[in-house]
Each structure stands twice: as C-alpha cells, then as structure tokens.
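**Q**
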Amino acid sequence: MDESAIIEPADKWQRLAPISILYFVASGIKHAANNLIYTLPAFAVSYSSIKNNPEIWLPAVLGTIGLIALVSFLHYFFYTFRLANDTVEIRSGVFSKKHIDLPFTRIQNVTLEQPIYYRPFGYTCMQLDTAGSAKQEAKIVALPLAVAEELKTFILEKVESSIDESTSEQISSDKKEVIINTRSIGDLIIHGITNNRVWIILGVLAPLYDEVIEFAMPVLESVGIDFKAWFDADTHTIWMLGLTALALTFFAMMCIALLSIFGSILIFYDFTLSKSEGKYIRRSGLLTKQEINMRLTRLQMVVSKQDWLDVLLKRINLELRQNSSGVRSANDLSMMSNKIIVPSVKPHECQEIIEDAFPTSNLSQIEYQAISKRFIWRQIILWLMPLTLLFTGIHFANGQATSVSMLGLLAVPLVLGLIYCRWKRWGFAKDQHYFYVRKGLLGVDYYCFPIHKVQQTAFKQSLMMKRNHLGSVQFILASGGVEVPFMPEVSAMNMIDSALFEVESKKKSWM
Numbered sequence: 148m149d150e151s152a153i154i155e156p157a158d159k160w161q162r163l164a165p166i167s168i169l170y171f172v173a174s175g176i177k178h179a180a181n182n183l184i185y186t187l188p189a190f191a192v193s194y195s196s197i198k199n200n201p202e203i204w205l206p207a208v209l210g211t212i213g214l215i216a217l218v219s220f221l222h223y224f225f226y227t228f229r230l231a232n233d234t235v236e237i238r239s240g241v242f243s244k245k246h247i248d249l250p251f252t253r254i255q256n257v258t259l260e261q262p263i264y265y266r267p268f269g270y271t272c273m274q275l276d277t278a279g280s281a282k283q284e285a286k287i288v289a290l291p292l293a294v295a296e297e298l299k300t301f302i303l304e305k306v307e308s309s310i311d312e313s314t315s316e317q318i319s320s321d322k323k324e325v326i327i328n329t330r331s332i333g334d335l336i337i338h339g340i341t342n343n344r345v346w347i348i349l350g351v352l353a354p355l356y357d358e359v360i361e362f363a364m365p366v367l368e369s370v371g372i373d374f375k376a377w378f379d380a381d382t383h384t385i386w387m388l389g390l391t392a393l394a395l396t397f398f399a400m401m402c403i404a405l406l407s408i409f410g411s412i413l414i415f416y417d418f419t420l421s422k423s424e425g426k427y428i429r430r431s432g433l434l435t436k437q438e439i440n441m442r443l444t445r446l447q448m449v450v451s452k453q454d455w456l457d458v459l460l461k462r463i464n465l466e467l468r469q470n471s472s473g474v475r476s477a478n479d480l481s482m483m484s485n486k487i488i489v490p491s492v493k494p495h496e497c498q499e500i501i502e503d504a505f506p507t508s509n510l511s512q513i514e515y516q517a518i519s520k521r522f523i524w525r526q527i528i529l530w531l532m533p534l535t536l537l538f539t540g541i542h543f544a545n546g547q548a549t550s551v552s553m554l555g556l557l558a559v560p561l562v563l564g565l566i567y568c569r570w571k572r573w574g575f576a577k578d579q580h581y582f583y584v585r586k587g588l589l590g591v592d593y594y595c596f597p598i599h600k601v602q603q604t605a606f607k608q609s610l611m612m613k614r615n616h617l618g619s620v621q622f623i624l625a626s627g628g629v630e631v632p633f634m635p636e637v638s639a640m641n642m643i644d645s646a647l648f649e650v651e652s653k654k655k656s657w658m
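Per the working numbering, numbering through the sequence shown is continuous, rising by one, with the last residue being 658.
1) For R521, which of Y567, Q255 and R442 has the nearest alpha-carbon?
2) On the three-pair Cβ rule with 8 Å, is the segment 589 to 600 touching the segment 609 to 621?
3) In the DSSP assignment, what are the bridge partners of G574?
4) So, is T271 buried or exposed, given that buried needs 16 or more other C-beta atoms within 10 angstroms?
5) How is L290 classed by DSSP in three states: helix, strand or coil?
6) Could you tell me whether the segment 497 to 508 touches the segment 446 to 455, where touching means 3 or more Cβ pairs closer than 8 Å?
7) Between the beta-carbon of Q161 and the beta-carbon of K436, is there less than 7 Å?
8) Given Y515, which residues of its chain have a CB within under 8 Å of its CB, disregarding the five upstream and five downstream residues?
9) Which residue's Cα is closest to the Cα of D644: F633, A164 and V601?
10) By DSSP's criteria, A558 is part of a beta bridge. Which residues make up the other side?
11) E304: buried (16+ other C-beta within 10 angstroms of its C-beta) or exposed?
12) Using only CA atoms, which one of A293, P206, F171 and F418 lies nearest to S239?
13) Within 10 angstroms of its Cβ, does I408 collect 16 or more other Cβ (buried), or is it exposed?
14) Using the three-state DSSP reduction, which class does T384 fall into: helix, strand or coil?
15) In whole angstroms, what is the alpha-carbon distance linking I439 and A293?
16) Got a sec, what are the start and stop residues for the beta strand (DSSP E) V620 sits in?
17) Suppose you measure from the CA of G618 to the CA of I500; what does that come to, to the nearest Å?
18) Beta carbon of I337, beta carbon of R462: below 7 Å?
19) DSSP has C272 in a bridge; who is on the other side?
20) For A289, count neighbouring C-beta atoms within 10 Å of its own C-beta (all shown protein chains included) and say buried if the count is 16 or more, exposed if not.
21) What does I566 pair with, by DSSP beta-bridge criteria?
22) So, at 7 Å on beta carbons, what are the nonlocal neighbours of R569 in its own chain, with the 5 sequence-adjacent residues on each side left out?
23) Go through the segment 377 to 443 residue by residue and report every complete run of the beta strand (DSSP E) that reaches 3 residues or more, in order.
24) Between T604, F301, E324 and G269, which has its C-alpha nearest D233's C-alpha?
25) From E630 to V489, what distance separates their C-alpha atoms?
26) One question on the structure: do K422 and V325 come within less than 7 Å of each other, judged by their Cβ atoms?
27) Distance, Cα to Cα, I623 vs G213?
28) Distance, Cα to Cα, L465 vs F242?
29) Between the Cα of W455 and the Cα atoms of I215, S491 and L420, which residue gives the shortest distance?
30) Pull the bridge partners of A605 from the DSSP assignment, please.
31) Taking only the alpha-carbon atoms, compute the straight-line gap between T604 and L335 and give it to the nearest angstrom.
32) Based on the DSSP secondary-structure assignment, which residues constitute the bridge partners of H246?
33) Helix, strand or coil, according to DSSP, for F505 in the structure here?
34) What does S491 pair with, by DSSP beta-bridge criteria?
35) Should F397 be flagged as near chain D, meaning a C-beta pair shorter than 7 Å?
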C-alpha cells in the first residue's frame, strides 16, 4: 500500500469533513439525554407546573438545541489530525484542549463504526484503542470508508511487524478472511428474551409512573379498556381478579421482552465473526454498523455464560475478552471493543469457537474441584440468620402473624436453596496451559484463560479461613480479575505457584 495515499506530510494538519458536525450533534444529544436521567426526579416533582405552564419550557428547549448546535460546530472547527511517522496525532477540544500522540505500535484495536447518518455519504468513524487508559485512545470521527479501510490495514500491518519472532510464529500467514460464525434473526430474538435488561430502564423511570398512569388511563378508557371495571371487587370474584392480574402481568412481561428483543437486533443485526491474518473480526449493527478487530495474541480469556433461561434453551453467550483498562462507559457502544460477544450460540458452535481461540484448552472436558462447604455457612451467618431473626422479631412483636413476617419466614428456605446453588456452581481446575473457573447461581459461567496471561495474583485469608486452611485467590489479567473463594489452601498456593512459574520461566507476551 502506498503510504502517501493516506498519510499527509508531517507538518500538514487535516480537518474533518463537514459531515462530522452530525457526529458531534448526535454526541451532544446523547450527552444531554444521559444528564436528563439525573433530572427525572425533579422533573417528576415539577410535572404539574410544567403541564399547566408549558410555555416556560419552550425557551429552555430552544436554548438547549442552539447550545448543542453551537458546541458541535466548535468541536468540528477545533478538531484537527495528522498521520505521519507511524503516529496518529489529534488535537481537539473547545474549552479544554486535548492533544493525543499515539504510535501505531501501541494500538490494540482498530474499530470502525458507521452511524446511520454517515452511510448515505460513505463516511465512518475510526477508533484506535490502546492497552493503556482511555486517555490514550484516539478517535477520528469522520473518514471516507475506503480511506478508513486502507488505513486500518496499514496500521494493523505496522502492529504485526512490531511483534517479536516468537509471537509472530503464532500468527497465520493465510490472508483470506474466513467466516467462523453468523447469527440469524431467530438467534437474536432468543438472545433478547434470555438477556432481558429492560427492567433497568423501568427502574430509572419509576419517578414518572404516577404521571404515566394519569396520562394513559383516559387514553385506554377511550378505546374501551376500563381497569376500574376489571378490578371491581363487587362485580368479580377473587379468582377472576387474580386471573386478570396474571394476564396483565404476562402482557407487561411480553412488552418488556419485545423491547429487549429490539435492543438485541439493534446491536447484533447481521452479525458475523470472521478470522483473517491472526485476528478475529466482528461486524454487526442495525443503525450503527460496527467492526471490531481483535488479534488472537491479545486474547486474554474466553467466557461462556448461561442464565437460567439459556440453560433451558441450551444457548450460550460467548465472550472473547482482551484488555479492558481503557473502558470508559458501559453506555457507549464503542466501549464494547474490549471484547467480542457472540450471542446465543448453540453448545457445539460455542465449542468450535473456543477450540479455534484456545486449541489446547479442555473447557468442555475438565473436571472441576469444588470450593469448601464453609462458603455455605458463611453466607448463612452473614445474611440468612440476621434476616431470619429480623422477621421472627417482627412476628413476635406484633403478637400475631403479619404479611411481612410470614413472607419473610417463608423466603428463608428459598434463600437457603439459592446459597446452596451458588456453592454448587463454584469450581476451579487447571491443566498444563490453562486455568478454569466455574461459577453462577441458577445459570452457570465458565472462564478459561492461559496461565501465562496472568499478570498478578492475590491471596486473601481471614482468621477463620486460616484456621481451616482455606483461602481466596484472585487472578488478575489485562481483561480483568477472576476470583475463587474458599479454596483449599494447598490448591490455592499450587495455582499461584503455577502462574508465577509460567510467567517467569517462559516469559511469553500477554499481548
């Protein structure tokens, strides 16, 4: 590739295309929406005055729109970048100036994002992630798609050429891109159902429930839906009221599931996982097309996750994790670039991907060692006994059974069962090259990571644990930590010694 086709002379700073103003406008709207969440309680309190005097908010709305437009233009005006001497330099910021100087060799990921408003014009965003903090990341927010693809290839080639010989031997010389996995709409629907997180949104909107109901009731009554008549105890028997409540509950759950399904399709639509030149490439997205590149040498661990519904449907959510130290916000879609999620795969598909990523791992056959049963007693003493004493005290203080005390006492066996399930899921194992950790509650998660990827270990031991020769071990990798509690002391020290010996003796690169 001709470097001069992309990289300007070292003293030539470039401006973004004017289309980038749309990106800054969208970012401004998103930032305003995120801040709006914190004002919802105040909005709910003052809702009646807003309703009675809507004109007082018109200047505020117009002012906000004007401010977003002005700030977006200023961000565009002050944003310049240059690519020279194998380095990306970016100057940005309106009031707080920021200068990023990022060598190509320090780049971990090259992620392309194409928002829906860029597609008609053939532009994309390029995010360059490092193995350091978020402050060391760079994002060129508007590049022609063809130029971005060429630049991505050029940067990845520079990164590959900087790898030492021992590491480069692990990289395939086959430059043909091979598709490993795809996800259908049916798979994404299952993922939306089994990984429902809409309850978080409902919790945020809790302060507005009264206002929503006040608005919705007249609308529903106008189309013939009268909730007061449905729940009239004078005209309906108890079993009819219960059946009506149950039907409405199922209807609400169906609506929430539909929202979750929409979110799953929004993120993972047209999902493909490919492999080329020693790296994985994930492409997906309905409105915002996203491409994530992950080098196999920088893969830290694989995580197989199953919620209880995934277990019933025999589906697995597979995560391929690399460095996560640069993650800034879980609300930013681009921050998913520290890992590749393969949603709702079948067990054999999951096994095929794991075998491709870690060919010598035994995740599906390894036999796990259980943690100590004293884990159960600890949970009983810390959580179950205080709750039982509390509800028993409420029961006797009133001199008779109350709904609160009865429900609390009836929940004791359920909590005890959950504690047992939690202990039963915990497990750990190791072989010559990998550590394995299993945990969960009703579902189950499996963690597999190469021993030489461990960067730090931590051994924790309370006085009671020391008396019973137990300890908790935490393994810290570039992708985060994995902790196993209440391990036998001998097993814990054995795994720590294995990790330290592997790292010190073989000196393999974790990158």
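Note that the Cβ used here is the ideal one computed from N, Cα and C, for glycine as well.
**A** The relevant details are as follows:
1) Comparing Cα-Cα distances from R521 to each of Y567, Q255 and R442, the minimum goes to Y567.
2) no
3) A517 and R585
4) Buried, by the Cβ-count rule.
5) strand
6) yes
7) no
8) G574, F575, A576, Y583 and R585
9) V601
10) Answer by DSSP bridge pairing: none, since A558 is not bridged.
11) Taking every protein chain shown into account, the CB of E304 has fewer than 16 other CB atoms within 10 angstroms, so this residue is exposed.
12) F171
13) buried
14) T384 falls in the coil class under three-state DSSP.
15) 16 Å
16) L617 to L624
17) 33 Å
18) yes
19) DSSP lists E260 as partners of C272.
20) buried
21) Looking at the DSSP assignment, I566 forms no beta bridge with any residue, so it has no partner.
22) Result list for R569: L588, in chain order.
23) Counting whole runs of 3 or more residues, the segment 377 to 443 contains the beta strand (DSSP E) stretches 419 to 423, 426 to 431 and 436 to 442.
24) F301
25) 24 Å
26) yes
27) 47 Å
28) 42 Å
29) S491
30) Q621
31) 37 Å
32) R238
33) It is coil, neither helix nor strand.
34) Note: S491 sits in no beta bridge, so no partner.
35) Note that chain D does not occur in the displayed structure, where there is just one protein chain.
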